[in-house]
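Okay, so the sequence shown: first residue is 50 according to our numbering, each after it adds one. Quick notes on the structure that follows.
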Amino acid sequence: MSICPAADQAKGPFSLPELPYAKDALAPVITANTLDFHHGKHHNAYVVNLNKLIENTELVSLSLEEIIKKVAGNAEKAGVFNNAAQVWNHTFYWHSMKPNGGGKPTGKLAEKIDASFGGYDKFREAFVTAATTQFGSGWAWLVQDGATLKVVKTSNAEVPFTSGAIPLITIDVWEHAYYLDFQNRRPDYVNAWLDKLVNWDFAAANLQG
Ligand code: MN
Numbered sequence: 050m051s052i053c054p055a056a057d058q059a060k061g062p063f064s065l066p067e068l069p070y071a072k073d074a075l076a077p078v079i080t081a082n083t084l085d086f087h088h089g090k091h092h093n094a095y096v097v098n099l100n101k102l103i104e105n106t107e108l109v110s111l112s113l114e115e116i117i118k119k120v121a122g123n124a125e126k127a128g129v130f131n132n133a134a135q136v137w138n139h140t141f142y143w144h145s146m147k148p149n150g151g152g153k154p155t156g157k158l159a160e161k162i163d164a165s166f167g168g169y170d171k172f173r174e175a176f177v178t179a180a181t182t183q184f185g186s187g188w189a190w191l192v193q194d195g196a197t198l199k200v201v202k203t204s205n206a207e208v209p210f211t212s213g214a215i216p217l218i219t220i221d222v223w224e225h226a227y228y229l230d231f232q233n234r235r236p237d238y239v240n241a242w243l244d245k246l247v248n249w250d251f252a253a254a255n256l257q258g
């Protein structure tokens, strides 16, 4: 069973998923120019590379999540892991945003954030800290770990679900995610993302139990 059907693909060869909104719908925080490169070039390159690496191997019959779990930690399969996880991470990231998103979560998700962090403001502080202190390329995540929600950060292509946590939402903090719009100002990107783009409906839909 998929951790997140919206980010998984049933089996290879894999395709570049459509963005779940128009390319200019996230502007001015994330412009169409950024999405042209980030989705059309970076995400697409991970898909193309992954398909080459799994062609004529047993991996092509597995889903994206199954491939990621199978090759995680295997140094000889690092290329497969990096490209498969980056395909998954980017699809999950596109869904973690929506036009006119942002603000505070509601309902069961808000209750879990209050119980886990001591309120939205404390969650936000933890998320901004993770996203801005991830050294070099990586991701910041809100994850579910049993009954508790946590903020974690991962390097390069790493995903939280290989160590058992369920991803609820992620922000890409590789420079290619924000450099055309914010240059070196990563904190401004992270704060604008939380104010204007974060898709709490998607996070709530990923809650389990
Ligand atoms: Mn990226």
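Each residue gets a CB set at the ideal place from its N, CA and C atoms; glycine is no exception. Please read these numbers as outputs of a predicted model, since none were measured by experiment.
For residue i, which residues from the same chain have a beta carbon less than 8 Å from its beta carbon, with the 5 sequence-adjacent residues on both sides left out?
i	result
Gly150	Lys245, Leu246, Val247, Asn248 and Trp249
Val192	Leu198, Lys199, Val200, Val201, Pro209, Ala214, Ile215, Pro216 and Leu217
Lys60	Val109, Ser110, Leu111 and Ser112
Thr106	none
Give a single yes or no on whether residue i has its beta carbon closer than 7 Å to a heavy atom of the ligand ADP.
i	result
Ala56	As for the ligand ADP, it is missing from this structure, which binds only the ligand MN.
In its own chain, which residues sit with a C-beta less than 6 Å from the C-beta of residue i, not counting the 5 before and 5 after it?
i	result
Arg235	Thr181
Phe231	Asp237 and Tyr238
Phe220	Residue 220 is actually Ile in this sequence, not Phe. The residues are Ala180, Ala189 and Trp242.
Thr203	Gly187 and Trp188
Val78	Ala241, Lys245 and Leu246
Val177	Val239
Glu160	none
Ala81	Lys72 and Asp73
Ala134	Ile117, Ala206 and Val208
With hydrogens ignored, establish whether the beta-carbon of residue i is closer than 7 Å to any heavy atom of the ligand MN.
i	result
Asp221	yes
Ala206	no
Ala226	yes
His144	no
Would you please state the rounded distance, in angstroms, between the beta carbons of residue i and residue j? I believe it to be under 8 Å.
i	j	result
Leu102	Gly122	Rounded, the Cβ-Cβ distance is 17 Å, inconsistent with contact.
Ala166	Ala175	The sequence shown places Phe at residue 166, rather than the Ala named in the question. Sure, about 6 Å apart at Cβ, within 8 Å.
Asn138	Ala206	7 Å
Pro148	Leu75	6 Å
Asp68	Val96	Sequence inspection shows Leu at residue 68; the Asp mentioned does not correspond to that position. About 14 Å; that fails the 8 Å criterion.
Cys53	Phe141	6 Å
His225	His87	6 Å
Could you confirm whether any beta carbon from chain D is found closer than 8 Å to the beta carbon of residue i?
i	result
Tyr142	You won't find chain D in this structure, because it holds only one protein chain.
Leaving out the 5 sequence neighbours to the left and right, which residues in its chain are closer than 7 Å to residue i when beta-carbon positions are compared?
i	result
Pro62	Asn100 and Val109
Tyr70	Lys147 and Pro148
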